[in-house]
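Numbering-wise (our numbering), the sequence shown opens with residue 480 and increments by one. Every residue, glycine too, gets a C-beta built ideally from N, C-alpha and C. As the structure is a computational prediction, the values presented were derived from the model and not from experiment.
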Amino acid sequence: MSKFEKLDTYEQDPIAAAMVMRVVEAVNPVLAAEIDVYGDWEGALREHATPVELAEIGQRVRPLAERSFDDPVARYLFGLFPLLKITSSDVSYVVDEFEKLKDEKPCLDLDRVLDYDVDTLISVMAPEHIAQLDRFLRIDSETVWPQQAALIKAGVQKGFFRDADALQWLVSSRFRGWNRYLDQALDRMRSAPKEKAIADRPEAGGAMPIYVPVPAGQFAQLLKVDCAARLEELCDAVEEKRLLVGEIDGGSAATHQRLVALFGAADADAVMCGETDWDPDRQTAGFRVNNPVVVARLAQRFDGADIGVMEDASAVGELAGFYSQAQQRGDGIAILMNQERLHARR
């Protein structure tokens, strides 16, 4: 007999919303009267509730959510913690659910439940949750493996996760070797040998660079903002087709070796990984750039190279064409390693 209840947004969402709205009414009846529970009540609450009101609402909702997910409404309420600015949450209830479901036979309905729960865990995880994150990642189950992989890839974006002593076992764990994306995430853990860092060492193989031409004017504007804002702008521009992603399989060790033979190691790294690091704090899996001046120099190097005599050099030729076109437009080039939002556009 199945141990889980399907996600039912038509039934469970309204129940959770009604419970929250009763709390809102107790805190501020006027605010509650202004919110349409059948509309975007979460957005309205976020926009109109004061920080003090949100804190009070959050403290009253917390005990309704921090309990067994045997009541599926608790799951929905827990998922509201980021909205309600609830911190130091007890995520043991989320991990308990993974423990309970680890032996279930995978199916679409179960995947929806597990995906919802890991999204919740990712959205609230903080340094005080290391013990529970460790507990979750040590569950030996193919059923929850996709969710564990998702948490690792999200976790390495956060310094407390990368540096946690209790999680360094991940570097050489059973998660190693499943796919290049997960290996790249594991290489960002504090104890991973630095010479293996995929984002920094394209010759190690397995990197998945995405090449994005950036017009000079936009490049100058991006210099004025932080890494997160730069990444968001580039992802939005690609998704909206304002910028076109380079369709180049440029991340292989073989391609790097051919470029080294042509240009030497320094310029080979610049072509494939970018000369300037736009993410020195490692908020991403790798975010580097070549400014328009560097692009022009590298394009000229391609112009002077005899690529035609090389065997299996199609990726080198595509890179040469990409850099040549960027030079003609006066563009810079952003190079992102394993950026999933952009890979979805390929």
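Local conformation of residue i per DSSP, three classes
i, result
"L533", "helix"
"I631", "helix"
"F766", "strand"
"A708", "helix"
"P672", "coil"
"K485", "coil"
"D748", "helix"
"S568", "coil"
"Q806", "helix"
"L562", "coil"
"G796", "helix"
Bounding residues of the alpha helix (DSSP H) (the contiguous stretch that carries residue i)
i, result
"L587", "587-603"
"P759", "Here P759 belongs to no alpha helix (DSSP H), and DSSP marks it neither H nor E."
"R501", "488-506"
"Y517", "Run containing Y517: none; DSSP gives neither H nor E here."
"Q636", "Q636 -> no alpha helix (DSSP H), and no H or E assigned at all."
"D644", "Neither: D644 is in no alpha helix (DSSP H) and is coded neither H nor E."
"V774", "771-782"
"S571", "571-580"
Anticipated Cβ contact below 8 angstroms, residue i with residue j, distance rounded
i, j, result
"Y595", "R641", "Not quite, the Cβ-Cβ distance comes to about 25 angstroms (not below 8 angstroms), so this is no contact."
"L738", "A747", "4 angstroms"
"A749", "N769", "6 angstroms"
From the options, residue whose alpha carbon lies closest to that of residue i
i, options, result
"F698", "E607, R737, I812, A610", "I812"
"A629", "L701, L616, E484", "L616"
"A511", "R501, D705, A778", "R501"
"D590", "L612, Q663, T622, L562", "T622"
Residue i, enclosing beta strand (DSSP E) - first and last residue
i, result
"M816", "811-816"
"I689", "688-693"
Any chain C beta carbon closer than 8 angstroms to residue i
i, result
"E521", "Absent here is chain C; the protein component of the structure consists of one chain."
Closer than 7 angstroms: residue i CB and nearest the ligand NAP heavy atom
i, result
"P508", "Of the ligands one can find in the structure shown there are none, so the ligand NAP has no counterpart to examine."
Could you say if the segment 651-664 and the segment 773-788 meet the contact criterion of at least three C-beta pairs nearer than 8 angstroms? no
Please confirm if the segment 597-604 is in contact with the segment 535-544, defined as three or more CB-CB distances below 8 angstroms between the two stretches. no
Would you check if there are 3 or more beta carbon pairs closer than 8 angstroms linking the segment 577-592 to the segment 517-529? no
Validate contact between the segment 767-783 and the segment 797-804 using beta carbons, cut 8 angstroms, 3 pairs: yes
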